Every structure is written in structure tokens, then in C-alpha cells.
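Read through the structure below, which is laid out as C-alpha cells, and then see the notes.
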Amino acid sequence: MGIPLMIMYLVNTGDLLAFLFVKYYSIIRHFVSRIIRQQSQRLGLQTKLPFEITHQIVQRQVAIKAILSVLVLYIVAGAVLFSNWEGWSYIDAAYFSFITFSTIGLGDLVPGKGTLTDNENGKSILCALYLLYGLVLTTMCFKLVQDDLFSIKRRILTRLGFDTQHHHYHYRQSFDDRRYVMPIRETNI
């Protein structure tokens, strides 16, 4: 019962985090483009920014570089944390974080091994929270990359002349609340 609950927790929390990430990413991107546009108008430049896109497209698509940079920064933060706590090298600590978030973990590096005393319980709780949030962050990154790849696939199929709206199993993205629904198709029996 614990594994299905954990999967449900990771998926639901990852979806929520993905929604928030897209929302804040679009706000920051819009703010930066507005500042650049104002600066270029002050200098008299009339150049069109390469990333000026309609608000709807910005809200839906997040650059894969931004998604992966968040995960890399989190792994680097874990490398600094575990290298200080456990005395590991930065490479070992980064390896531990990456393996823990991307697979089930190999068990060759275990934080707190042999040091779990009453004084170290706080570190154990912080380590568990770091790992749990890292799993949610990884789920969010997979979800956003999956969304980008799905939209690329849909654009390619549309350009090739295939109707992507009538496939049996496809996800339709609601633009307002980013919920995913699978439409039920009526069949005549």
C-alpha cells in the first residue's frame, strides 16, 4: 500500500509544482522581455526580441534548459550539503543525489551510515525532506519535458497532415488550469 500512495503523492505534487513552475516562469519571462523592450526603446532601438511570443504560448511552453537547470541546481545543492555533512567528495555527493532522484538508488553511498545518534536525528529528517522534495522535483521535470515533447509531436503530426484531435489515446491540455483529461470516445457496438 505504501508504494502506490507514494506514486500518487509524487504525481499529484509534481503536477502542482509543474503548474506553479510554468506560471512563475511565464511571469518572469514576461517581466524580463518588458524590461528589455523598455531599455531598447530608450536607446532608440527597434529590434524585435527573439523570445517575444504571445502570452498563451509562453504560459504553455517552458524551455527544457530552464527545467533541467532547476534539477541540476538542486543536485549541486545536495552535493554541497552531503559533502559537508558526510565528508564525501563533491563528485560522490552529486552522484548520490543524481542516482537517488533518477533511479531507485544503488545503495553504494548511504547518508548517515554509522552516525545515527540522538544528535544526528535532525540531519536525518533534513536528509529525508531533501530526498522527498528532490523526487517531487524530478517528477515535475519529467512532466514538463513530457509536455514539451508531446507538443512537438503534435506540431509535427499537424504539419504532416494528420488530425491529432481524433486519436484514441491522447491527452488534451486545458490551457487555463493545466489539467490533463483523456476524452472518452463513443463506440458503436
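For reference, each letter of the sequence shown is one residue, going 1 to 189 in the UniProt record's numbering. Glycine included, each C-beta is placed from N, C-alpha and C at the ideal position. The structure presented is a predicted model; accordingly, all values stated were derived computationally and were not measured.
Phe-101 versus Tyr-90, Gly-134, Gly-107, residue with shortest Cα-Cα distance: Ranking Tyr-90, Gly-134, Gly-107 by CA distance to the CA of Phe-101 puts Gly-134 first.
Helix, strand or coil for Met-1 per DSSP? If DSSP states are grouped into helix, strand and coil, Met-1 belongs with coil.
Buried or exposed (CB count within 10 angstroms, at least 16 for buried), Ser-69: Counting of Cβ neighbours within 10 angstroms places Ser-69 among the exposed residues, the total staying below 16.
Is the segment 76 to 91 close to the segment 143 to 153, with three or more CB pairs under 8 Å? Look at the beta carbons and you see the segment 76 to 91 not touching the segment 143 to 153: under three pairs across the two are nearer than 8 Å.
Below 8 Å on the Cβ atoms is my contact criterion, and I expect Lys-143 with Ala-63 to pass it. Report the Cβ-Cβ distance as a whole number of Å. Between Lys-143 and Ala-63 the beta-carbon gap is near 15 Å, outside 8 Å, which marks them as no contact.
Is the Cβ-Cβ distance between Leu-71 and Cys-141 less than 8 Å? Less than 8 Å divides the Cβ of Leu-71 from the Cβ of Cys-141.
For Gln-173, does the three-state DSSP call read helix, strand or coil? Low confidence applies here, because Gln-173 scores a pLDDT of 45, under 50, leaving its location unreliable; read the following figure in that light. Look at Gln-173 here: in three-state DSSP terms it is strand.
Considering Gln-108, what are the terminal residues of the alpha helix (DSSP H) in which it resides? The question names Gln, yet the displayed sequence has Asp at residue 108. That residue, Asp-108, is in no alpha helix (DSSP H); it is neither H nor E in DSSP.
Ends of the alpha helix (DSSP H) at Gly-78? Its alpha helix (DSSP H) spans residues 64 to 86.
Below 8 Å between beta carbons: does that hold for Gly-14 and Thr-103? No; because the gap between Cβ atoms is not below 8 Å, this pair is not in contact.
8 Å Cβ shell around Leu-10 - same chain, five flanking residues per side excluded: So the list reads Leu-135, Val-136, Thr-139, once near-sequence residues are dropped.
Could you give the residue range of the alpha helix (DSSP H) that holds Gly-161? No alpha helix (DSSP H) holds Gly-161; DSSP gives it neither H nor E.
What separation, rounded to the nearest whole angstrom, lies between the Cα atoms of Ile-99 and Met-8? Cα to Cα, Ile-99 sits roughly 21 Å from Met-8.
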